[in-house]
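A.B. asks: Chains as they are written, first to last, in the numbering used here: chain A, 1 to 505; chain B, 1 to 146; chain C, 1 to 437. Ideal Cβ positions, reconstructed from N, Cα and C, are used throughout, including at glycine. One structure follows; several queries about it will come next.
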Amino acid sequence: MSLSLLPPEFKIIRDDARCIACQVCVRQCANDVHIYDPEDDWIYSDYSRCVGCHRCVTLCPTRAITCVRNPLDFRANANWTHAMITGLHKQAETGGILLSGMGCDQPQRIYFDHLLLNASQVTNPSIDPLREPMELRTHIGRKPDRVQVRCEDGKVKLDTQLAPQLALETPIMFSAMSYGSISYNACLSLARAAKQAGIVYNTGEGGLHPTLYEYGPWTVAQVASGRFGVHPKYLDVAAALEVKIGQGAKPGIGGHLPGEKVSADVSRTRMIPEGTDALSPAPHHDIYSIEDLRQLIYALKEATDYKKPVGVKVAAVHNIAPIASGIARAGADYIAIDGLRGGTGAAPTVIRNNVGIPIELAISAVDQRLRQEGIRNQVSLIAAGSIRNSGDVVKIIALGADAVYIGTGALVALGCHLCQKCYTGKCNWGIATQDPYLTKRLNPNIGSRRLVNLVRAWSLEIKEMLGGMGVNAIESLRGNRDHLRGVGLNEVELKALGIKAAGIG
Amino acid sequence: MKRVYVNEEYCIGCRLCEIHCLVQHSQSKKIIKAYKEEAPQLMPRLVFEEEGPLSFAMPCRHCADAPCLDACITGAMHRDEETEAVLCDEDKCVGCWMCVMACPFGAIQRNLKGTKAASKCDLCYGEEMPACVAHCPNEALTFEER
Amino acid sequence: MRYVIIGNSAAAVGAIEAIRQHDTENPITVISDEPHHAYSRPLVCHLLGELVDEERMHYRPPDFYEQLQVEPMLGVRATAIDTQAKTVSLAGGGTVAYDRLLLAVGGKPVVPPVAGVDLDGVFTFTKWEDAQNIDRYIRDKDAQSALIVGGGLIGMKAVKALMARGLRLTVVELADRILSTSFDHTASKLAESILRRASAEVITGTTVKEIVDKDGHVDHAILQDGQVVDCDLVIFGIGVRPNLDLILPEPEKNTGIEVNRGIVVDERMQTSVEDVYAAGDCVETYDIILEVERPIAIWPHATRQGHVAGCNMAGVEKTYEGGFPMNSEDIAGVATIAVGLTAPEGQVPVEHLEEYEIIKRYDRAAQTYKRLVLHRGRLVGAICVGDIDRAGIYTGLIRDRVDVTPFKEHLLSGSFGLISLPKEYRKHMVVGEGIIV
C-alpha cells in the first residue's frame, strides 16, 4: 500500500504545564486523536485525524488544548491552492467523489455584506420596540387577490375564504434536516424549540419519527424525490407540506445519506432497509413537467382536505424567476428557495461549491418578477442558504422574502463548529450522527433551550432594526427594497437586486 | 431534601464530574495544583460506571433510612442536622469497611492511598450546588428535590 | 411514663435515638454495668492495638446523654427484673421502676471449662475492660507471645490487635479451618496463608486442653492433640452467646420472658411479656436466608433492632423484617467481607444442596477471591477477600431477593456495578426513598 499524500489539516497544541492527564479529551474525541499512555501517564495526540471540531478544546477542564490550522505551507500559488492540491491527491488515492458536509465555503461574493440598511432620522421618526407594538408575526400561504367584507351589527365580517396559512410568531423557521442526517436528539431539539418559539421546523426527507407526532402543529412535512417515510399519518399530523425539488447545496442531484448513518430507527422511519445508502433520485420520477408538479401539489391537497399549505422547495439556479412563476401558477402556497450557500449533511464538494446562485440574487429576481406578473400575493417566498444573523434576515426580507429558513444557523446554535465532516457520521457534538455514544452528547433540554434563545435574540434584534427604520410590522418591510443600499457593487448587481447604491438618493 | 440525581440518557461518559469532585475536596481547590501535587491521595466521591454507550456517575443517595448509619461502628457516619445529608467524619473513621459492605449502591469507597478512611459524597458540604452538578457539560446530573 | 434501657451499646443508642425522635418529654434511664460512655465493642480490638485512643472509642459525642435527656446510670449492674411490679433491681440495693423496658444486654463470651482458665494472663476479649486488662498485662509482664483460642471473627480481631502490638501469635481453631462459619474452604485457606505470611501460626482441628503457668502467670498451653504452645498470655475468642443472666435460670428469676437460644421477640421487638422489649446480641431474630429464628450478633442489626424497639416503645408502629450475617474483617491487613449464606455445603442439609449454585473467581496473582452463592437464581451469599470494593451491592441484591440469573455472568466481572442490574431495579433504587437493612 503506497504512502498517503494527505497531510493533517489541523494541529493540536497541548500545554503540558496545564494538562492533568484527566483523559477527558481521549474519551470525547470520536476520531481517536488523543491517546493516553499509561506507562508514562501522559497524553499525546495523533492530529492527522483531527477535523477541527473543538470538542476537546471545549471540554478540557484546564483549557490545556488548542487546535490550529496545520501550518504546512506550499509555495505560494494563487491558482493551485492548498485545498485544490490536497483534493486532487485525495481523488488520485480513492478514485471517488469528494464529499463535504455543510455549505459552500468558497470566497464567492456575499451580497449580504454589501447591503446596508436605513434608519429613521428627522423625516420619519423611529419606533421604540420596547414601548410600542412591533409585529413580527408572519403568515405563510397564498393571499387572496382581493378581500370582500360586509358589515353586520356594526362589525366587519370577512366573506372571502382564505387559503390555509402557516402562522409564525417571527419570520424565522428551522430548515429541512432529515432524521438520519441529524440525530434523533437534534430533531427533538428542533421540534421542541419550534413549539416553544411559535414557529415551525422541517422534517427534511427522512420522514417523521412517531414520537415527534405530538409536535405536528409545528412541523412542515417534506415530500422529497425518494418519498422516504411518506405515508398518510405523516401528511396528517403536519401543519404544512413541502414538495422538495432541490436544495441549494446540491442543485440538480438528489439527497445522499451514507449507509453508516442508517440505523435501525432511521430505517424504520424512512421505510428502507437498515445499513443501505439512502439515495434520493435526482428528479421526482413522477414529475417531468410543470404540469406533473401541479398534479402532485393538488394530490397532496386532496389527501389533506385542502386544510394545509402545500409549498415547493427549489434550489436557486439561473432561471429561478420563471421557474418560480411556474410553481406559483402550479398551485403552490409558498416557494422555498435555497441558495448557493445552503448546507447539507453530504454533497459532492464540486457541486456544493460550483452549482447554484446566491440567495440574495435569487430572491430579488423572483420577488421582482412575481410582482411584475401581478401574482406576488399567490405565494409566500421563504429564503434559505446561509442566513447567518438577524441582519441577513432583515435584508433578505427587504429584498422580497416573507420569511427565512435557517439550517446551518440552527445547527451552530446546537453546538456545530462547521468542521464539514457530517458525512462520516462521527459528529463529536452529537448532531450529525447516529452513533449512540455520540448522540447522547446533545441533550434535547439544552438543545431546544439554545435554539429558542437564538430565535429570541434574533427577533429582538429584528425589532430593533425595524424600529430604527420607522417600520412597525415585518409585512411593511417585505420587498421594500428602498430600505436597502448597496456598497461595492457594480451597476449590473445593483440592477439585479433592484436597489440603489449607498450615497445616491 | 435535595439530592443529586443522574439521568443516564444524557451522561456522555466524560467523567468531568469525578474531576471536579476531586478538586472540590482537595486542599488547594485549584485543578492543576490538585492533580499535579495532591493526587493520588485524593479520590473522587462519585462512582462512575460504563458499559458500551451506557454510562452514569452516581454519588451517595443520602438515603432517608441509610444502612451505612446502622453499620458504622465508630459513629463516624452521621446525619447532618441542617442538610440531612449523611456525612462521614474521616478523622473518626477507623477503616473497618462495614459501610462499604452495607451500602447497596456501592457508593462508599476506601481511600487507601490517602486518609485510609471511608470516602463518600458529602453533597459538597457548604456549597450551594455540588461540584459535579455544576460542571456536568450535558446536564446529566441534577440537584433537586423529588 | 418512664423508659428504662438495660445496656448501653448499639441497640441501646438506636433505641434512645428512636424514642427521642417521637417523644421528647418522657424520661429515659440507661443502666449499664460498664462505667463508660456508649462505645462500640468492635472497636475494642482497635483500642488494644493502639490504633485508636480512648476518645475515639466513644460512639456518640460526649454530651450525648445530656442532649437527648437521658439519665445514665453507668457502672451499675441490674440484677433482676420484676415483670409484675415493673421494676428493675440493682446491685447494691435500689430499684428502678419502668413503664417500658428494653433489654439491650448484648452477648457473653463463650469460655470452655479448660484447666487453667482462671489463671492470671487468660482473658476474654469483648469489653473495654478486657482491652485495658490485656494492655496492662502486656506491659507489666513484657509479654512477647500469645495464644488465641478460636479462629473465628473474634479470634481475628484479637489477632489484629496483638499483631499491631508486635506479639508473636498462634491461633488454634477446633474446626478443620479458621473462619468456618463465615468463609468457604478456599477463603479459609487463603486467610490462613495470609496469617502465616504475617508470621502468625495457625493450628486447626484441635483446641486447648490445659493452660499451664509458671511463677503465677501463663507459661504455655497444651492442646488436645498433645502439641505444646509457648505463650505469655491466652485469649479466648471462641464466640459470644446471648446474655440471658437476667432471665435464666428460669424458675428462680421468674420473669416469664420466653427464651430459646436468645430472647424470643416478635417483629416489633417485644418479648413475650408486654412492655418488655429486647434488641441486639441478646435476642434471637429471623434469618431471612435460612428462614429460621436464631441469634445474629452483628452491629448493624443491633442498631436497627434497637431503633425498631425504640419506635414501638414510643408508640410508633415499626417492624423488623429480619436480617442475615454480614461481617467486614481485616485479616493481617487484607480486607475481607462475608455476607449471608456463604458455604451451603456446611450449612444446609445435604438433600437441599443441589438447589444451590456457586460461582467464584480466584486471582492467584493478585491474591483476591470472590465467591457468590445462588439459591434458585437468587443471590444468598457472598465472600470477598482482598477486593471488597462495592461489595454492598451484593448485600443489597441478597436483601432484596433479586433474581440474578439475567446478569449472572457479570456478577464477578471487574466492571460489575449497578450498570449490570436491570434498568427498572436500578431506577427504583435510585428514586425510591429509604432503604431498610
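With a threshold of 8 Å between beta-carbons, can Leu-22/B be considered close to chain C, or not?
C.D. replies: no
A.B. asks: When the Cβ atoms of the stretch 369-385 of chain A are set against those of the stretch 314-327 of chain A, are three or more pairs found closer than 8 Å?
C.D. replies: yes
A.B. asks: Closer than 8 Å by beta-carbon distance: list the chain B residues that pair up with Gly-116/C, in chain order.
C.D. replies: Simply none; closest approach about 33 Å.
A.B. asks: Please list, in chain order, all residues of the same chain as Val-437/C whose beta carbon is under 8 Å from its beta carbon, the five residues on each side excluded.
C.D. replies: At Val-437/C the pLDDT is 21, less than 50, meaning the model places this residue with poor confidence; the figure from the coordinates comes in the next sentence. Only Pro-300, His-301, Arg-304, Gly-323 and Arg-399 meet the Cβ criterion.
A.B. asks: Can you say whether His-307/C is buried or exposed, counting buried as having 16 or more other CB atoms within 10 angstroms of its CB?
C.D. replies: buried
A.B. asks: Please list, in chain order, the residues of the stretch 22-44 of chain A that have any C-beta partner in chain B closer than 9 Å.
C.D. replies: Cys-22, Gln-23, Val-24, Arg-27 and Gln-28
A.B. asks: Gly-447/A: which of Gly-101/A, Ser-189/A, Ile-140/A and Val-350/A sits nearest, CA to CA?
C.D. replies: Ser-189/A
A.B. asks: In angstroms, rounded to a whole number, what distance separates the CA positions of Glu-433/C and Gly-106/C?
C.D. replies: Unreliable positioning characterises Glu-433/C in this predicted model, as indicated by a pLDDT of 44, which lies under 50. A coordinate reading is not provided.
A.B. asks: Assuming Gly-114/B contacts Leu-22/B under a Cβ cut-off of 8 Å, what Cβ separation, rounded to an integer in Å, is found between them?
C.D. replies: In fact, because the Cβ distance is near 11 Å, the residues do not count as touching under 8 Å.
A.B. asks: Please state if the CB of Pro-59/B and the CB of Cys-121/B are separated by a distance shorter than 8 Å.
C.D. replies: yes
A.B. asks: Mapping DSSP to helix, strand and coil, what is Lys-360/C?
C.D. replies: strand
A.B. asks: For Met-313/C and chain B, any beta-carbon pair shorter than 8 Å?
C.D. replies: Met-313/C does not count as touching chain B.
A.B. asks: Do you know offhand how far Lys-233/A's Cα is from Cys-22/A's?
C.D. replies: 49 Å
A.B. asks: Just reading off the beta strand (DSSP E) that Thr-124/C is part of, what are its end residues?
C.D. replies: Thr-124/C: member of the beta strand (DSSP E) spanning 122-124, first to last residue.
A.B. asks: Going by alpha carbons, who is nearest to Arg-177/C out of Leu-51/C, Met-163/C, Ile-203/C and Ser-413/C?
C.D. replies: Ile-203/C
A.B. asks: Helix, strand or coil, according to DSSP, for Lys-495/A in the structure here?
C.D. replies: helix
A.B. asks: If we count the other Cβ atoms within 10 Å of its Cβ and call it buried at 16 or more, is Val-159/C buried or exposed?
C.D. replies: buried
A.B. asks: Quick check: is the beta carbon of Val-297/C nearer than 8 Å to any beta carbon in chain B?
C.D. replies: What sits at residue 297/C in the sequence shown is Ala, not Val. Ala-297/C does not count as touching chain B.
A.B. asks: Fully enclosed by the stretch 221-303 of chain A, which beta strand (DSSP E) runs are 3 residues long or longer?
C.D. replies: 240-244
A.B. asks: Three-state secondary structure (DSSP) at Val-278/C?
C.D. replies: According to the sequence as given, residue 278/C is Ala; it is not Val. Per DSSP, reduced to three states, the secondary structure at Ala-278/C is strand.
A.B. asks: Going along the chain, which residues of the stretch 98-111 of chain B sit with their C-beta nearer than 9 Å to a C-beta in chain C?
C.D. replies: Met-98, Cys-99, Val-100, Met-101, Ala-102, Cys-103, Pro-104, Phe-105, Gly-106, Ala-107, Ile-108, Gln-109 and Arg-110
A.B. asks: Output yes or no for whether 8 Å exceeds the beta carbon distance between Ala-164/C and Glu-50/C.
C.D. replies: yes
A.B. asks: Does DSSP classify Glu-18/B as helix, strand or coil?
C.D. replies: It is helical.
A.B. asks: Under 8 Å, do Tyr-405/A and Met-173/A count as touching if we go by C-beta distance?
C.D. replies: yes
A.B. asks: Using only CA atoms, which one of Val-13/C, Val-76/C and Gln-84/C lies nearest to Val-273/C?
C.D. replies: Gln-84/C
A.B. asks: Quick check: the Cα distance between Tyr-213/A and Thr-203/A, rounded to an integer number of angstroms?
C.D. replies: 11 Å
A.B. asks: Classify Trp-42/A: buried if its beta carbon has 16 or more other beta carbons within 10 angstroms, exposed otherwise.
C.D. replies: exposed
A.B. asks: Looking at the structure shown, is Cys-11/B part of a helix, part of a strand, or coil, going by DSSP?
C.D. replies: coil
A.B. asks: Kindly identify the DSSP beta-bridge partner or partners of Asp-230/C.
C.D. replies: His-220/C
A.B. asks: List, in chain order, every chain A residue whose beta-carbon is nearer than 8 Å to that of Pro-147/B.
C.D. replies: Because residue 147/B is not part of the residues shown, which for chain B are 1 to 146, the question remains open.
A.B. asks: Using a Cβ-Cβ cutoff of less than 6 Å, which residues in the same chain neighbour Gln-420/A once the five nearest sequence positions on both sides are dropped?
C.D. replies: Ser-100, Gly-101 and Met-102
A.B. asks: Does the beta carbon of Glu-51/B come closer than 8 Å to any beta carbon on chain C?
C.D. replies: yes
A.B. asks: Does the Cβ-Cβ distance between His-22/C and Val-229/C come in under 8 Å?
C.D. replies: No, these two residues do not count as a Cβ contact at 8 Å.
A.B. asks: For the beta strand (DSSP E) holding Ser-328/C, just list the boundary residues, first then last.
C.D. replies: 326-331
A.B. asks: Drop a sphere of 10 angstroms on the beta-carbon of Thr-516/A, count the other beta-carbons inside from all chains shown, and report buried for 16 or more, exposed for fewer.
C.D. replies: For chain A, the structure presents residues 1 to 505; residue 516/A sits outside this window and is missing.
A.B. asks: Is Asp-40/A helix, strand or coil by DSSP?
C.D. replies: If DSSP states are grouped into helix, strand and coil, Asp-40/A belongs with coil.
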